[in-house]
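Colleague: First the structure, which I've put down as structure tokens, then a few questions once you've had a look.
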Amino acid sequence: MIPYIIKSNSRSKSLRISVHVDGSVVVTKPKRISNLQARFLVARRESWIKEKIDELSKKPKKLLAHYSVQDYKENRQKAYEIVWNKVLHYNKFYKYDVGTIYIRNQKTRWGSCSGKKNLNFNYKIVFLPEELQDYIIVHELCHLKEMNHSSRFWANVALQIPDYKDRRKIIKLY
Ligand SMILES: [Zn+2]
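Numbering (my numbering), first residue to last: 3 to 176.
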């Protein structure tokens, strides 16, 4: 049995399980679902939770600093494909004007957005779990509308990544 805490949230529409970087598990449930029902649903997803905890414990430390020029050459094209597919996918929802997409070899950032509506992404995105890739793509896409980190910006991110706060916390560890 994995220990977890259950929170009730009147705004939540369905049961949500979040696994945090430190291995803690939080289950958020709508008021209409009882604790007993929640425990039943969590039990059914136990193997998924274990996988998540495993995945998080294996993540490399300080990923951004680790790689060489050779890694860049080998992974640039793959990064480009991942980024393109995800930009196309999420922009079906946002429908923003996207300029050129660049893949760069950067030390300290995952992505950036220019005033000319160009989007830059770090090729090391290929080494991240998909949930974090999605978060980075949506984050930069949303900068096409808001060039800041205002509450309006985050509300826009949340439309596609409702648990962006968790993902943001995890990405800081890489
Ligand atoms: Zn940003």
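All residues carry an ideal CB built from backbone N, CA and C; glycine is no exception.
Note that the structure is predicted; figures quoted are calculated from it, not measured.
(1) Considering only residues of the same chain and omitting the five flanking positions on each side of Lys-118, which have a CB-CB separation below 7 Å?
(2) If you reduce the DSSP assignment to three classes, tell me which class Lys-119 lands in.
(3) Does the beta-carbon distance from Val-140 to Val-159 come in below 7 Å?
(4) What's the C-alpha gap between Val-85 and Ile-51?
(5) Is DSSP giving Arg-18 helix, strand or coil here?
(6) Is Ser-116 near ligand 2, in the sense that its beta carbon is under 6 Å from a heavy atom of that ligand?
(7) Between the alpha carbons of Ser-10 and Ser-59, how many angstroms are there, rounded?
(8) Per DSSP, Arg-106 forms a beta bridge with which residues?
(9) Using three-state DSSP, classify Lys-9 as helix, strand or coil.
(10) Please classify Gly-113 as buried or exposed, where buried requires at least 16 neighbouring CB atoms within 10 angstroms.
(11) Does the separation of the CB atoms of Asn-77 and Tyr-125 fall below 7 Å?
(12) Where do the N-terminal and C-terminal ends of the beta strand (DSSP E) with Val-28 fall, by residue?
(13) How long is the line joining the alpha carbons of Asn-107 and Arg-18, rounded to whole angstroms?
(14) Does the beta-carbon of Arg-46 have 16 or more other beta-carbons within 10 angstroms, so that it is buried, or is it exposed?
Modeller: By the coordinates alone:
(1) For Lys-118, where only same-chain residues beyond five positions count, the Cβ hits under 7 Å are Gly-101.
(2) When secondary structure is reduced to three states using DSSP, Lys-119 falls in the coil class, being assigned neither helix nor strand.
(3) In this structure, Val-159 lies closer than 7 Å to Val-140 by Cβ.
(4) Cα-Cα distance, rounded: 27 Å.
(5) Under the three-state reduction of DSSP, Arg-18 is assigned to strand.
(6) With respect to small molecules bound, the structure shown includes ligand 1 and not ligand 2.
(7) Using only the alpha carbons, I get a separation of about 27 Å.
(8) Arg-106 is bridged by DSSP to Asn-124.
(9) If DSSP states are grouped into helix, strand and coil, Lys-9 belongs with the strands.
(10) Burial of Gly-113 is indicated by the presence of at least 16 other C-beta atoms within 10 angstroms of its C-beta.
(11) Their beta carbons are under 7 Å apart, which means Asn-77 touches Tyr-125 by this criterion.
(12) Element bounds for Val-28: 27-31.
(13) Spanning the two alpha carbons is a distance of roughly 36 Å.
(14) Arg-46 comes out exposed.
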